[in-house]
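Contents: one structure, followed by commentary.
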Ligand SMILES: [Zn+2]
């Protein structure tokens with residue numbers, strides 16, 4: 187899903203379009219509040235509005251959540267099946283997951299599952315799971331495990347595949363974790 191452009195965001199905000207919830211946030215400088223596009227509170231003056239791509243950015247800019255649209259809680263208002271998938275992923279960090287499994291678990295087609303992940307977590311289902319697995323691998327390595335066995339324990343079948351994925355996520359290869367100690 188592409189990022190909405192400025193005009194699209196103004197339109198979405200003006201029409202309280204809930205389909206844009208999670209795709210951007212409406213910051214209102216005059217009140218110090220950030221809202222979901224669907225917020226039913228009085229429409230702010232456009233000169234006071236700043237759009238944010240993520241909730242984290244709105245919070246970093248010093249804005250507070252809105253009581254009306256509950257923008258603060260929004261990313262946590264997930265469908266039940268998504269909670270179950272996330273729980274499953276956390277509990278199964280030691281093996282690779284495939285999308286067929288997600289389809290079976292959720293009863294949704296894969297594009298729906300992907301859309302929810304994109305909207306709420308800004309990543310793909312497998313990307314999210316990969317991050318969990320790599321975090322787990324890093325924890326294992328930091329607690330003294332050699333990186334090859336940590337890699338195998340987190341579902342990586344090749345050392346080079348693990349090294350690449352690890353370096354991509356953490357910005358350094360796994361072997362260098364100890365370099366600074
Ligand atoms: Zn609001």
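In the working numbering, the protein residues as written are 187 to 367. Just so you know, even glycine gets a beta-carbon here, dropped at the ideal spot from N, CA and C.
Heavy atom of ligand 1 less than 7 Å from the Cβ of residue i, yes or no?
i, result
"residue 244", "no"
"residue 198", "no"
"residue 250", "no"
"residue 204", "no"
In angstroms, rounded to a whole number, what distance separates the CA positions of residue i and residue j?
i, j, result
"residue 275", "residue 286", "14 Å"
"residue 342", "residue 201", "47 Å"
"residue 258", "residue 271", "22 Å"
"residue 344", "residue 197", "49 Å"
"residue 195", "residue 278", "38 Å"
"residue 240", "residue 209", "7 Å"
Assuming residue i and residue j make a contact with CB atoms under 8 Å, what is their CB distance in whole Å?
i, j, result
"residue 300", "residue 351", "Not quite, the Cβ-Cβ distance comes to about 20 Å (not below 8 Å), so this is no contact."
"residue 255", "residue 222", "4 Å"
"residue 190", "residue 211", "So it is not a contact: roughly 11 Å between Cβ atoms."
Is the closest heavy atom of ligand 2 to the C-beta of residue i under 7 Å?
i, result
"residue 257", "Questions concerning ligand 2 fall outside what the structure shown contains, since the ligands it does hold are ligand 1."
For the candidate residues the options, whose alpha-carbon lies nearest to that of residue i?
i, options, result
"residue 283", "353, 319, 266 and 302", "319"
If contact is defined by three or more beta carbon pairs under 8 Å, each pair taking one atom from either stretch, is the stretch 246–266 in contact with the stretch 201–218? With three or more CB-CB distances shorter than 8 Å, the stretch 201–218 counts as touching the stretch 246–266.
Evaluate the contact criterion for the stretch 298–311 versus the stretch 324–341: three or more CB pairs, one atom per stretch, below 8 Å. no
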